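> Chains as they are written, first to last, in numbering that gives the first Met the number 0: chain H, 0 to 473; chain L, 0 to 473. For reference, the structure I am asking about is given below.
Protein chains: 2
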Amino acid sequence: MSDTDVTQSPPEAEELPHDTRLDEDDRLKPEFVSSVLDHVEEGQDEEARDLVRPLHPADIADLFELTPSDRRASLAGALGELVTAEVLSELNDYVREDLIGALAPEQVAEFATQLDTDDAVAIIEDMEEEDQQAVLEALDPEDRAAIEDALSYPEESAGRLMQRDLVAVPEYMTVGQVIDYLREHGDLTTDFWEIFIVDEQHKPIGTCQLSWILRCPRGVPLSDVMKREQTLIPVDMDQEEVALRFQKYALISAAVIDGNGRLVGMITVDDIVHIIQEEAGEDILRLSGAGEGDINEPIRDSYKSRVRWLVANLGTALVASSIIAFFEGAIEQMVALAVLMPIVASIGGNAGTQTMAVSVRALAMNQLTQSNTWRIVGREIRVAMLNGFTIAMLIGLGVGLVFGNYMLGLVVACAMLINIVVAGCVGVMVPVLLERFDQDPAVASSVFVTMITDSMGFFAFLGLSVASGMVSLG
Amino acid sequence: MSDTDVTQSPPEAEELPHDTRLDEDDRLKPEFVSSVLDHVEEGQDEEARDLVRPLHPADIADLFELTPSDRRASLAGALGELVTAEVLSELNDYVREDLIGALAPEQVAEFATQLDTDDAVAIIEDMEEEDQQAVLEALDPEDRAAIEDALSYPEESAGRLMQRDLVAVPEYMTVGQVIDYLREHGDLTTDFWEIFIVDEQHKPIGTCQLSWILRCPRGVPLSDVMKREQTLIPVDMDQEEVALRFQKYALISAAVIDGNGRLVGMITVDDIVHIIQEEAGEDILRLSGAGEGDINEPIRDSYKSRVRWLVANLGTALVASSIIAFFEGAIEQMVALAVLMPIVASIGGNAGTQTMAVSVRALAMNQLTQSNTWRIVGREIRVAMLNGFTIAMLIGLGVGLVFGNYMLGLVVACAMLINIVVAGCVGVMVPVLLERFDQDPAVASSVFVTMITDSMGFFAFLGLSVASGMVSLG
């Protein structure tokens with residue numbers, strides 16, 4: 000790592016080499032990527048390494064992600080020792096699997112020993128059972144035990160996220176004794192932000208930020224500095240809940256406890272930031288039925304998850320179509336109905352999606368709970384009424400004028416109002432009900448909501464056309 | 000704050016009072032909320048305070064958010080001194096504005112002095128100009144200068160986020176001298192995770208985690224412990240970029256520099272976590288046209304942002320309708336076309352939304368850059384081809400059988416394939432192009448993509464029906 004890689008240079012030093020590699024959004028520049036790949040292709044490994052050496056591990060990981068998959072192995076070969084364990088742990092899961100598949104178990108084990116338990120686990124957990132065993136056998140017994148222990152917890156749980164290296168001391172120590180203890184134990188982890196105070200049974204009883212220790216005279220007992228209340232994370236807690244808890248209570252690190260309340264690990268916020276980002280971004284992908292939604296995912300996996308969604312939506316589209324089929328006779332009498340009916344359905348769908356997106360976010364952020372469900376439903380219906388009247392007036396007047404048929408205008412306006420209000424209702428009720436039945440509201444809501452807004456759009460418009468006497472059922 | 004508030008109790012202590020207030024997802028239980036509000040309504044303020052006292056400030060903030068807006072003022076009155084500055088800074092923006100509107104400027108100023116600059120700014124920046132002035136005048140000169148300085152930076156910039164209280168020391172100090180300095184200066188901030196090393200011009204030249212200092216003997220010079228490379232944040236950087244940088248380089252805190260490269264503040268990760276969450280979650284709201292998408296937003300604001308979107312979509316729906324109108328004659332000859340055409344449009348829309356969601360996420364996370372645009376476009380087209388063939392086969396066979404018309408089945412299958420492939424193309428190209436022209440891809444993509452998939456769906460299906468000779472233009 001060099002001096003300049005991630006340093007944002009002050010304006011007067013604009014020509015620093017940093018700028019030749021990264022653009023203003025910290026993305027690798029395309030010229031830089033292709034120049035590295037050109038050197039690799041031409042066998043000029045040394046030149047490629049010189050270019051890449053100043054990069055931060057996170058940027059080297061980006062370089063691999065930006066490289067076409069069939070050229071990643073030769074890039075890794077050329078870069079040699081620049082591909083560190085840290086680079087691997089920063090890689091996108093799919094790209095990492097890709098790269099690791101090309102390595103011998105001993106090499107993977109070598110990488111794993113250089114990482115904190117949590118990062119090593121992240122690398123190993125995605126491997127095939129067989130390869131995993133080979134890597135574990137190549138590890139020294141202590142690392143192996145730690146990683147096997149982590150793998151014994153469910154995927155995406157606190158036990159997988161936590162690191163076992165932490166500083167835990169008894170309550171009777173003084174500030175000076177803690178400092179001496181830290182100075183004497185060179186094998187302790189270097190990245191920690193607070194120390195945990197434990198009782199004889201290794202149960203956490205308090206926590207102490209390093210800044211508090213640094214500001215106190217040596218003689219002060221730890222029990223006077225530490226904070227007794229703290230947020231504990233049960234080892235089997237789901238990572239999404241861990242992330243929400245970190246966010247809610249603004250934590251930097253937190254103690255992880257086992258079923259008996261004993262301290263077994265620590266989670267730090269830098270491991271959580273990725274999860275917060277992922278979880279918050281996942282809703283948009285789930286709501287759109289895009290599966291993992293990762294651009295590095297193998298095409299076959301993307302196809303599988305997306306086609307399943309399209310088939311489900313084909314089902315809902317057929318339901319809506321069967322409603323149109325019921326009114327075929329009416330459409331034959333007035334083809335204008337066929338022209339206008341998709342508008343009613345489509346705007347209703349948009350209105351439903353708006354309410355649904357808001358509700359899914361609010362549920363995910365624990366803002367929409369049982370205490371305020373009815374208030375929020377009422378709120379959404381009022382917004383829907385306002386939207387409904389506005390759009391109904393616009394389309395009603397427009398249709399009346401263009402078609403010179405004010406009855407048609409009135410019918411389309413009423414249908415639009417009905418559909419937008421229904422959309423507002425189901426846009427919030429469907430996600431809330433799914434959550435109440437322990438289903439992920441982001442996954443299933445949109446199939447239901449679209450089916451209802453499409454069907455209701457066609458039914459209200461065609462039904463009102465018949466009811467108004469403009470056309471008959473045929 | 001009490002001992003039990005946020006402490007997740009180990010299993011054997013299940014009956015701790017904590018469980019009567021919060022459910023397993025750290026949400027306040029509805030019974031608890033209504034029992035507090037009942038006490039307030041009946042004038043039993045003391046009982047209400049006893050219930051609320053053990054809560055963490057973040058949970059008291061939640062309590063206000065879950066309370067209907069017309070009852071928040073009386074809740075605040077009843078809770079009295081339990082409504083701390085910290086509670087205010089944890090509140091949702093809209094709810095806070097609501098509450099603060101009811102307070103005198105002196106009270107707001109009193110709150111502001113108790114907070115770090117960044118949190119005080121967050122409270123004051125949303126107030127009306129006039130009220131802001133009143134609060135600033137009630138502050139003591141030092142706090143006032145710091146807050147006015149922060150307000151001089153653009154909204155959502157690093158300058159608004161940073162706190163001015165930090166520890167900066169010269170390079171020539173030893174570890175022991177730093178510890179003595181910290182012990183002697185009681186007025187320094189208590190929440191910091193690293194110290195910054197600056198030159199005579201107050202430009203940052205290095206950084207040192209507190210854990211590194213704690214582990215070194217007193218005599219070691221700081222220059223041997225500190226890390227010279229560090230990530231600096233320009234004071235005018237947008238908060239979204241700050242968040243990406245924190246995430247990419249796994250930062251706990253970072254130095255903020257002015258245009259001359261001088262250290263002016265520090266940003267810590269706990270202030271960033273909210274932004275990462277917000278920014279990642281915003282895409283879903285923008286893509287759905289739901290504006291801020293906050294359930295606490297005043298109804299009028301929600302109406303304004305959502306109706307604008309619906310009107311835009313009305314425009315695109317009219318474009319699609321005009322294509323149907325062009326084929327009116329054909330539909331008159333075969334009403335089955337009117338029954339089937341929404342299916343082609345709707346599944347195309349779904350396929351487009353999938354690709355668009357994936358692309359918008361990848362752009363937001365800097366994974367889709369100029370270096371790999373064409374590779375990703377190719378990838379999406381291949382996924383779209385697979386999806387297209389699958390769905391086309393299903394619908395083609397189904398229609399052929401149900402309608403007993405294999406030509407109609409072939410036409411609908413071809414139209415479906417075309418529309419899904421077009422959807423895949425535009426689903427990635429539209430967001431990429433918008434980003435290239437410095438527009439937010441999440442905001443505008445979906446109007447364009449929907450318009451294209453709807454129009455193409457109708458055009459391909461009705462056009463092929465005519466081209467196949469099944470029907471004529473009329």
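By construction, the Cβ of each residue, glycine as well, lies at the ideal position given by its N, Cα and C atoms. Treat the numbers as computed from the prediction; the structure is a model and nothing was measured.
Tell me S301(H)'s beta-bridge partners as DSSP assigns them.
BP columns for S301(H) are empty, so no partner.
> Going by the DSSP bridge assignment, what does F195(L) pair with across the sheet?
DSSP, once it has assigned bridges, lists A167(L) and T206(L) as partnering F195(L).
> For the beta strand (DSSP E) holding T230(L), just list the boundary residues, first then last.
No beta strand (DSSP E) contains T230(L), which DSSP labels as neither H nor E.
> Please identify the residue among T230(L), M225(L), V174(L) and G258(L) whose C-alpha is closest to the C-alpha of A250(L).
Note that residue 250(L) is Leu in the sequence shown, not Ala. Minimum Cα distance to L250(L) is reached at T230(L).
> Measure how close the beta-carbons of L221(L) and V168(L) come, nearest whole angstrom, since I'm counting them as under 8 Å.
That belief holds up - the Cβ atoms of L221(L) and V168(L) are roughly 7 Å apart, short of 8 Å.
> Counting only Cβ-Cβ distances shorter than 7 Å, please list the residues of the region 63 to 83 of chain H near chain L, keeping chain order.
Residues passing the 7 Å Cβ filter: E64, L65 and P67.
> Tell me which same chain residues have a C-beta within less than 7 Å of the C-beta of V39(H), skipping the five on either side of it?
Closer than 7 Å at the Cβ level, and outside the excluded window around V39(H), lie A47, S73, L74 and A77.
> So, using beta-carbon positions, are R26(L) and N371(H) closer together than 8 Å?
Result no, Cβ atoms of R26(L) and N371(H) do not sit closer than 8 Å.
> For my contact list, H201(L) and L262(L) are in at a C-beta cut-off of 8 Å; report their separation, rounded to the angstrom.
Yes, H201(L) and L262(L) are in contact; Cβ-Cβ is about 5 Å, under 8 Å.
> Is the beta carbon of I122(L) sitting closer than 8 Å to the one on L98(L)?
Taking 8 Å as the Cβ cut-off, I122(L) and L98(L) do not qualify as a contacting pair.
> What residues in the region 247 to 261 of chain L have a beta carbon less than 9 Å from any beta carbon of chain B?
Within the model displayed, chain B is absent; protein chains H and L are what it includes.
> Measure the CB-CB distance between V448(L) and A329(L) and report whether it falls below 8 Å.
In this structure, A329(L) does not lie closer than 8 Å to V448(L) by Cβ.
> Which residue wins for smallest C-alpha separation from S321(H), given the options Q332(L), A337(L), L317(L) and D130(L)?
Ranking Q332(L), A337(L), L317(L) and D130(L) by Cα distance to S321(H) puts A337(L) first.
> Can P216(L) and V177(L) be called in contact, C-beta distance under 8 Å?
Cβ distance not < 8 Å, so P216(L) and V177(L) don't count as in contact.
> Buried or exposed: where does P153(H) fall if 16 or more other Cβ atoms within 10 Å of its Cβ makes it buried?
With fewer than 16 other Cβ atoms within 10 Å, it is exposed.
> Against chain L, which members of the region 205 to 230 of chain H pass a CB distance test of less than 8 Å?
Per Cβ criterion, the list reads Q208, L209, S210, W211, I212, L213, R214, C215, P216, R227, E228, Q229 and T230.
> Using only the alpha-carbon positions, how far apart do L339(L) and V411(L) sit?
So the alpha carbons of these two residues sit roughly 8 Å apart.
> Run the CB neighbour count on Q353(L), radius 10 Å, all protein chains shown included, and call it buried at 16 or more, exposed below.
Buried: at least 16 other Cβ atoms inside 10 Å.
> Output yes or no for whether 8 Å exceeds the beta carbon distance between I346(L) and I294(L).
No, the Cβ-Cβ distance between I346(L) and I294(L) is not below 8 Å.
> Give the residues of chain H in contact with P29(L), contact being defined as C-beta atoms less than 8 Å apart.
Residues of chain H passing the Cβ test: T368, Q369 and S370.
> List, from N- to C-terminal side, the beta strand (DSSP E) runs of 3 residues or more that fit wholly inside the region 217 to 284 of chain H.
Here the runs fully enclosed are 231 to 233, 252 to 256 and 262 to 267.
> Excluding the five sequence neighbours on either side, which residues of its own chain have a C-beta within less than 7 Å of the C-beta of T19(H), listed in chain order?
Same-chain partners within the cutoff: F31.
> Using a Cβ-Cβ cut-off of 6 Å (strictly less than) and excluding sequence neighbours within five positions of L407(H), which residues of its own chain qualify?
If we look at L407(H) and ignore the five residues flanking it on each side, its Cβ neighbours are V398.
> Which residues bound the alpha helix (DSSP H) around Q132(H)?
That run of the alpha helix (DSSP H) goes E128 to A137.
> Determine, using beta-carbon pairs with one atom in the region 353 to 362 of chain L and one in the region 275 to 294 of chain L, whether at least three such pairs fall under 8 Å.
Yes: the two stretches touch, three or more of their Cβ pairs being nearer than 8 Å.
> Whole angstroms is fine: what's the gap from D223(L)'s alpha carbon to L209(H)'s?
Those two C-alpha atoms are separated by around 20 Å.
> Smallest Cα separation from V425(L): which of M455(L), G403(L) and L396(L)?
The shortest C-alpha separation from V425(L) is found at M455(L).
> Taking 8 Å as the threshold (C-beta atoms), are I256(H) and M225(H) in contact?
Their beta carbons are not under 8 Å apart, which means M225(H) does not touch I256(H) by this criterion.
> Is it right to say R435(L) is buried, meaning 16 or more other beta carbons lie within 10 angstroms of its own, or is it exposed?
The residue in question, R435(L), is exposed, as its Cβ has fewer than 16 Cβ neighbours within 10 Å.
> Considering just the uninterrupted stretch of the alpha helix (DSSP H) at G348(L), what are its terminal residues?
Unbroken alpha helix (DSSP H) run through G348(L): A335 to A363.
> Output yes if chain L places a C-beta closer than 8 Å to the C-beta of Y93(H); else output no.
No, no contact with chain L.
> Report the option in V219(L), D453(L) and M450(L) whose CA atom is closest to the CA atom of Y171(L).
Measuring from the Cα of Y171(L), the nearest candidate turns out to be V219(L).
> Measuring CA to CA, which of I323(H), K28(H), G387(H) and F326(H) is closest to N349(H)?
Measuring from the Cα of N349(H), the nearest candidate turns out to be G387(H).
> Less than 8 Å between the C-beta atoms of A414(L) and V343(L), yes or no?
Contact flag set, yes.
> If we cut at 8 Å on Cβ distances, does W373(H) have a partner in chain L?
W373(H) does not count as touching chain L.
> Under 8 Å between C-beta atoms, does S345(H) make it to chain L?
Yes, S345(H) counts as interfacial toward chain L.
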